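Take the sequence shown: its letters are residues 9 to 450, numbered as in the numbering used here. Below is one structure, written out as structure tokens; the observations come after it.
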Amino acid sequence: MARNFPPDFLWGAAASAYQTEGATETDGRGPSVWDAYAKVPGNIVNGDTADVSCDHYHRYPEDIALMRGLGVKAFRLSTAWPRIFPEGKGQVNQLGVDFYDRLIDLMLHEGIEPWICLHHWDMPVPIEEAGGWRSRETAKIFGDYVAEVIRRFGDRVKRFAPINEPNVIPWVAYNLGRHAPGKQSYDACLQAIHNLNLAHGKTVTAVRAEAPDAEIGNIVSLGPVRPHYDDAAHEEARIFGDCMWRRVMVDPLWLGKYPEPIAEKIEPLIQPGDMEEISQKLDFFGLNHYNPVFVAPNPNATLGYSEVMPPSGMGPLTDVNWLVDPGAFLEQIRDTSDRYGKPVIYITENGASYPDMLRPDRTVVDPQRISYFNQYLGALLDAIDEGHDIRGYFAWSLMDNFEWGRGYSKRFGLVYVDYPTLQRIPKASYHWLKGVIAKNAL
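What follows is the structure in structure tokens.
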């Protein structure tokens, strides 16, 4: 028996500038930290770079046609900071602005609402060289960049988010050193936490000033944090891991304070007025979810613990070794809704990587991804039935793309990208989700 989504439920897809646009040296774009990081041997699987990627910069009309064919009414994109400000600040690159003007206008013409995330990890190199997220000044510079973007596009774009998954940046870029800029420093991790939150606050300030009729919300990747083993040491790691992964980039925004046990360590970084700016009212909560996180104590790690593989036998894994656990999705929605006062929630990313193969007839059949979406959308309907205010769902991702440190070795797309030719080939999961969207029912 079919289960219906609410009549006004918003269906969307998502992608980011750095992962799809390519054209890294085209039309005045400046270098980003990921351009620099990808050039260091060993940082990216197979030595891949995003120099071409999906070439969305030149092929965006084709990609918008795929959005329309899927039936989505919204697309979550990001603006590339170094494409608009090649030096991170100062002179605006008009050619970069022109690209986003063309992209936004065509999306709207095709009946697709653009949702703009203002930063998806591609910080301009000059800003990183001046301190990056370790520097409080970066939050101010980011606010200036945001104000310019809102002035340029706020007449047409009505949904904004400051930073994609800001919790990933301290955790992976400044703790594990596996994302750009590849640091491993406890102090830098703490500095990045507060300065990212401050940048969020300055974004809210800019949006309210420049586009008062627009909506703004956060976008954060969350999942239950679980101990790898059931003992006191692993439980201690879980408590601290839960704080660092799920709370430090969310509690300040929605509750106006940092969580224990990290609050006293960040307190010296807080200046008068910071928490008031950080905790300004938001219009929605953007929840990205993929998997529960398992942690174990590790005295050699920057933060004293590490993320580890799920215990063997817990269930099926995706191609990036993430546990398929729709119950964890429901658990996370409940936690978000209950802890933060029943906010309006949009699922701003959800999806899975599997080893898709292009068949001789140029089709891609991906039953594992279809099963994944079926299970997770079922859990989403369970959450709606429980009364949680979930207004929409954005699949990650519209198409295969540059998957950060994994390069092109992993595929999350509904659309297969044949990288040698850049041909786009909708997978079986694309057609399956198209049917769900058309019926607005599972």
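Ideal placement from N, C-alpha and C gives every residue a C-beta, glycine not left out. Fair warning: this is a prediction, and the values are worked out from it, not measured in the lab.
Nearest-angstrom Cβ-Cβ length linking Ala-336 and Asn-299, presumed shorter than 8 Å:
Mapped onto the sequence shown, residue 336 falls at position 328. Mapped onto the sequence shown, residue 299 falls at position 291. 7 Å between Cβ atoms; contact.
Note the first and the last residue of the continuous alpha helix (DSSP H) segment covering Glu-284.
By 1-based counting over the sequence shown, the position of residue 284 is 276. Start and end: 282 to 286.
Sorted by chain position, which residues of the same chain lie with C-beta nearer than 6 Å to Pro-6's C-beta, five sequence neighbours on each side aside?
Outside the shown range of the chain, which is 9 to 450, sits residue 6, and nothing can be said about it.
Are Asp-426 and Arg-419 closer than 7 Å when you measure CB to CB?
Residue 426 sits at position 418 when you count from the first residue of the sequence shown. Residue 419 sits at position 411 when you count from the first residue of the sequence shown. No, these two residues do not count as a Cβ contact at 7 Å.
Please classify Tyr-401: is it buried, with 16 or more other beta-carbons within 10 angstroms of its beta-carbon, or exposed?
The sequence position of residue 401 within the sequence shown is 393, counting from 1. Buried, since its Cβ has 16 or more Cβ neighbours within 10 Å.
Once you ignore the five residues that flank Trp-123 on each side, which residues in its own chain have a CB closer than 6 Å to its CB?
For the purposes of this step, residue 123 is taken as the residue at position 115 of the sequence shown. Within the same chain, Trp-123 has close Cβ partners Ala-82, Arg-84 and Arg-167.
Kindly indicate which three-state DSSP category Ala-217 falls into: helix, strand or coil?
In the sequence shown, counting from the first residue as 1, residue 217 sits at position 209. Three-state DSSP puts Ala-217 in a helix.
Let's test the definition: count the other Cβ atoms within 10 Å of the Cβ of Arg-159 and tell me whether it reaches 16, buried, or not, exposed.
Locating residue 159 in the sequence shown gives position 151, where the first residue counts as 1. By the 10 Å Cβ count, Arg-159 comes out exposed.
Considering only the alpha carbon of each residue, which of Ser-379, Glu-156 and Leu-230 lies closest to Glu-173?
Here the question's residue 173 lines up with position 165 in the sequence shown. Ranking the options by Cα distance to Glu-173, first place goes to Leu-230.
Compute the Euclidean distance between the alpha carbons of Trp-412 and Ser-361, then round it to the nearest angstrom.
Against the sequence shown, residue 412 aligns to sequence position 404. Against the sequence shown, residue 361 aligns to sequence position 353. Roughly 13 Å separates the two Cα atoms.
Between the segment 28 to 44 and the segment 65 to 78, can you find at least three pairs of beta-carbon atoms closer than 8 Å?
Taking 8 Å as the limit for Cβ pairs, the verdict is that the segment 28 to 44 does touch the segment 65 to 78.
Contact belief for His-202 with Leu-277 at Cβ below 8 Å, rounded distance in angstroms:
Here the question's residue 202 lines up with position 194 in the sequence shown. Here the question's residue 277 lines up with position 269 in the sequence shown. Here His-202 really is in contact with Leu-277; their C-beta atoms are around 4 Å apart, less than 8 Å.
Chain-order list of residues whose beta-carbon lies under 7 Å from that of Ala-438 (same chain, five-residue window excluded):
Position 430 of the sequence shown, counting from 1, holds the residue named residue 438. The sequence given here has Tyr at residue 438, not Ala. Closer than 7 Å at the Cβ level, and outside the excluded window around Tyr-438, lie Leu-78, Leu-422 and Val-423.
Which same chain residues end up closer than 7 Å to Met-115 when comparing Cβ atoms and leaving out the 5 residues on each side of it in sequence?
The residue you call residue 115 lines up with position 107 of the sequence shown. Same-chain partners within the cutoff: Ile-72, Phe-83 and Pro-122.
In terms of residues, what are the limits of the alpha helix (DSSP H) holding Phe-248?
Stepping through the sequence shown from its first residue, residue 248 is reached at position 240. Run containing Phe-248: 240 to 250, per the alpha helix (DSSP H) assignment.
Phe-302 beta carbon less than 7 Å from that of His-236:
Here residue 236 refers to the residue found at position 228 when the sequence shown is read from its first residue. Here residue 302 refers to the residue found at position 294 when the sequence shown is read from its first residue. Their beta carbons are under 7 Å apart, which means His-236 touches Phe-302 by this criterion.
Return helix, strand or coil for Ser-314, following the three-state DSSP convention.
Position 306 of the sequence shown, counted from the first residue, corresponds to residue 314. Three-state DSSP puts Ser-314 in a strand.
Mapping DSSP to helix, strand and coil, what is Phe-302?
Numbered from its first residue, the sequence shown carries residue 302 at position 294. In the three-state scheme derived from DSSP, where H, G and I count as helix and E and B as strand, Phe-302 is classed as strand.
Give the straight-line distance between the Cα atoms of Gly-386 and Asp-35, rounded to the nearest whole angstrom.
In the sequence shown, the residue the question calls residue 386 occupies position 378. In the sequence shown, the residue the question calls residue 35 occupies position 27. Approximately 44 Å between the Cα atoms of the pair.
Beta-carbon contacts of Glu-378 that lie in its chain and below 7 Å, excluding the five residues immediately before and after:
Within the sequence shown, residue 378 is the residue found at index 370, counting from 1. As written in the sequence, residue 378 is Ile, which differs from the Glu given in the question. Correct list, in chain order: Ala-436, Ser-437 and Trp-440.
Taking the Cβ atom as the reference point for each residue, do Thr-87 and Ile-227 lie within a distance shorter than 7 Å?
Translated into the one-based positions of the sequence shown, residue 87 becomes position 79. Translated into the one-based positions of the sequence shown, residue 227 becomes position 219. Going by C-beta atoms, Thr-87 is not nearer than 7 Å to Ile-227.
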